[in-house]
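Data first, discussion second: the structure below is written as structure tokens.
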Amino acid sequence: MKKDIILAGVGGQGILTIATIIGTAAVKENLNLKQAEVHGMSQRGGDVQSHLRISDKPIYSDLIPKGKCDVILSVEPMEALRYLPYLAEDGILITNSKPFVNIPNYPSEEEMNKMYGELKNYIKIDADAIAKEIGSARSMNMVILGAAVKHLGFTAEQMQDAIKEIFGRKGEKIVEMNIKALLAGMESAEKNAK
Amino acid sequence: MEKLLLLGDEALAQGAIDAGMSGVFAYPGTPSTEITEYVQHNEDAIKRDIHRTWASNEKTAVEAAVGMSYAGKRAMCCMKHVGLNVAADAFMNSAFVGANGGHLVAVADDPSMHSSQNEQDSRFYAKFALLPCLEPSSQQEAYDMAFYGFKFSEETKLPVMVRLTTRLSHSRAGVERREILPENELKLPEDPDQFMLLPAYSRVKYKKLIAQQEDLIKASEESPFNSYEEGTDKSLGIIACGLAYNYVKEVFTDSECPYPILKICQYPLPKKQIHEIMAECDKILVVEEGQPVVEEMLKGYMPNDKIKGRLDGTFTRDGEMNPNKIMAALGMEDTTGKDTPKNVAGRPPALCDGCPHIDSFQALNEVLKPYGSGHVFSDIGCYTLGYLPPYNAINTVLDMGASITMAKGAADAGLFPAIAVIGDGTFGHSGMTGLADCVYENTNIVIMILDNATTGMTGGQNYCLENKLENVCIGLGVDPDHIRVITPLRQHHEENTRILNEEIAYEGVSIIIPRRECVQTLKKKIKIRNAVK
């Protein structure tokens, strides 16, 4: 078992929570893990990414080599594309479709569609809308995680256990909300796979 | 023992706690901040009441660590690479006085400058000071090196540098813990002259330090962190230092590396193994994170095409290492996916929505319009982002504290108005002496101390001058009539520009303190408050 995952987004969108949950699931399965994060200046509204590597064998590099990433998991559609040089030939890109526009030269909808038109293997879902629909607007990142579960080499139960462990301190209600978002994301991904 | 998932920074912190550390002394700076923050929140550290309050700056931190070592206890000081410049006086001389209780100097370098103004390599400092240096290649080594480092420091009676780099500092992996050791008892140095650097004593100590170098080399040769891996193809030997070792191993995940590899994680260089690989291999590839420290030593000054690395163009001269750079250097087929589409726009960091600095910059920009650009000297912090559009509000950044002193120098040259923009944390770090210079000469200057009640850029740490800014300025001799506190909010814009104009017109030292809490720390506080409810 070996998965190289790049998590992408904009500072403050909560990609590190996704990383923590996948990491917790991996540790429970006794897998090796390395997760490189970005701290400091770039966290202020800039692009952020995290390299997450999981394997049953020793992992050396904290960074994923270009062309070797199995899954790009992004909470923002333009940020997902930034890391294409890392994506393996048979890798998959899973992203939120809702743009986060805090720059003047953000690509137009037409340009975005064109860029996505050239990809062969991706899942794009409106995770913000799905989260809102189930009454948990703040769980957008769990919707995206849900959309990816199948491609990360984990079962839904393993992810739910990890969510319980991470959010357990915050109470039953928060756990429930996040699991609901996870399942909604899984369902949506089934429908939206290209 | 228990296995923890830790950042490299946290692994070093946990190691130091478990190895019986009695105090951590530090000033925040990316990528080193999490070492101290981890100690601050660690249960064992709290139970033992290990010293863990932030210092004013890196120099005071190193000096306090030397003091704790003098008293026989194990101490660690932590800083980012450029922080070691601030602490350099204390650090260089600490090699002469040495250590009594174990003393670790943890320095986190930032190659590729993710969050820094340069990418200097702290190993040069260790070599400069003739001190041993440990450079972990993994989170587990960072943990283990705390134990090894404290012990080695006490055996050699020398401070030991631990050099981290960004990708290790901020990467998480499983770390196996050991039994926690007791702290040292208070015990003054046996030799009463040990911590005395009058010239006559210094001359003796320098000779001793030089004589000790052979022992340090021998220790490196026998170090558990240095290793020699045999290879069948002797056309090339690889010397891989610290984290760069991982990148070499990474490119041989699916195959055996044919070349001998010398892994170096303890300095000074292990002479025996260096001789061995140099004699055995036709060419040597030096892979190191940061500057070509080892490569330069091996290459020497005369033409020498045996050594490959950053100096001959095999690798780029600057920037951090990665597996792809190594594949290219070894002539292996590079792996890369599709190019990033051209329409993907850059997304530089920016000031947060509602940040008080935005209002300060808007006021400043307005009053400076009649004078043209080029009048604002700034400093290290979130407000450095004020250089970028749409603000374009500042003109210079050099180092911590330089806003005030550069503005002073420009004022001395005749520039009017000369404005310094510095954060409250940075002012506490190294702004006060600059202000004292200005007061001493009654320099015609306006100093804006942006008071957001925290050290913002590094994630909101406490700092030494909290709630003391006005009193400190008065104490340093600023006329209280020209210390003006303003509220950086849109509804105060007109009043704020009026006050700025008044102080520009005043001939002498003016302090303007725009005071409003950082929106990030405020958000955190509200979250905690709501959670309590």
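For the protein sequence lines, the chains are R and C, in the order given.
Numbering-wise, the numbering used here puts 310 at position 174 of the first sequence, and it's gapless, one number per residue.
Numbering-wise, the numbering used here puts 77 at position 58 of the second sequence, and it's gapless, one number per residue.
Heads up, the beta-carbon is just placed ideally off N, CA and C, and yes, glycines get one too.
All values reported here derive from a predicted model rather than from experimental measurement.
Could you please give the first and the last residue of the uninterrupted alpha helix (DSSP H) stretch that includes R/M248?
-> 245–253
Chain R partners of C/N265, CB-CB under 8 angstroms?
-> Y196, S197, D198
Quick one: which unbroken alpha helix (DSSP H) runs of 4-plus residues sit fully inside the segment 231–289 of chain C? Chain order, please.
-> 263–270
For the beta strand (DSSP E) that contains C/P533, what are its first and last residues?
-> 528–533
C-beta neighbour in chain R for C/P155, strict 8 angstroms = no
Using a cut-off of 7 angstroms between C-beta atoms, extract the partners of R/L143 located in chain C.
-> Chain C residues near R/L143: none, gap ~13 angstroms exceeds 7 angstroms.
Residues of chain C with a CB under 8 angstroms from the CB of R/P201: which are they?
-> E269, V270, N341, P342, N343, M346, T354
With R/I266 as the anchor, note down where its alpha helix (DSSP H) starts and where it stops.
-> 263–269
Residue from R/G282, R/L152, R/D192, R/S275 with nearest C-alpha to R/I259 = R/G282
Selection of the segment 241–264 of chain R by Cβ proximity to chain C, strictly under 9 angstroms | N241, Y242, P243, S244, E247, M248, K250, M251, E254, L255
Can you list, in chain order, the residues of its chain whose CB lies under 8 angstroms from that of C/L479, leaving out five sequence neighbours each side?
-> Here residue 479 of chain C turns out to be Gly, not Leu, going by the sequence shown. Within the same chain, C/G479 has close Cβ partners T473, C537, Q539, T540, K543.
CB-CB length for C/L255 against C/A125, believed under 8 angstroms | Not quite, the Cβ-Cβ distance comes to about 34 angstroms (not below 8 angstroms), so this is no contact.
Starting from the beta carbon of R/H287, find every residue of chain C whose beta carbon is closer than 7 angstroms, and list them in chain order.
-> Neighbours of R/H287 on chain C: none; closest Cβ ~16 angstroms, over 7 angstroms.
Measuring only between beta-carbons, confirm whether C/R186 sits less than 8 angstroms from chain R.
-> yes
For R/R305, which three-state DSSP category applies?
-> helix
Report the partner residues of C/M40 according to the DSSP bridge assignment.
-> C/R93
Short CB-CB distance (under 8 angstroms) between C/V363 and chain R = yes
Since C/K78 contacts C/V105 with CB under 8 angstroms, what's their CB separation in whole angstroms?
-> 5 angstroms
For C/K206, three-class secondary structure by DSSP = coil
Closest Cβ-Cβ distance between C/S190 and chain R: below 8 angstroms?
-> yes
Segment limits, beta strand (DSSP E) that includes C/E308 = Segment: none, C/E308 is in no beta strand (DSSP E) and carries neither H nor E.
Reference C/E202, options C/G39, C/L383, C/L25, C/C152, closest by Cα | C/G39
Of the choices R/H187, R/K256, R/I270, whose alpha-carbon is the least far from that of R/S324?
-> R/I270
Tell me R/N168's beta-bridge partners as DSSP assigns them.
-> R/S191
If you measure beta-carbon to beta-carbon, which residues of the segment 45–58 of chain C are closer than 8 angstroms to chain R?
-> T49, P50, T52, E53
Can you grab the Cα-Cα spacing for the pair C/I54 / R/D198, in whole Å?
-> 19 angstroms
So the beta strand (DSSP E) R/L223 belongs to, where does it begin and stop?
-> 223–232
Can you grab the Cα-Cα spacing for the pair C/I283 / C/P289, in whole Å?
-> 8 angstroms
Hey, quick one: how far does the beta strand (DSSP E) through C/S190 stretch, first residue to last?
-> 190–195
R/P114 versus chain C: which residues are under 8 angstroms apart at the beta carbon?
-> As shown, chain R starts at 137 and ends at 330. That puts residue 114 of chain R outside it, with no answer to give.
Got a sec, what are the start and stop residues for the alpha helix (DSSP H) C/D378 sits in?
-> 375–387
Scan the segment 389–415 of chain C for residues whose Cβ lies nearer than 8 angstroms to a Cβ of chain R and list them as they occur along the chain.
-> C401, L404
Step through the CB atoms of chain R and report whether any lies within less than 8 angstroms of the CB of C/G102.
-> no
Sub-8 angstroms separation of R/N314 and R/S275 beta-carbons = yes
Does the separation of the CB atoms of R/K204 and C/T354 fall below 8 angstroms?
-> yes
7 angstroms Cβ cut-off: residues of chain C touching R/R218 | T359, V363
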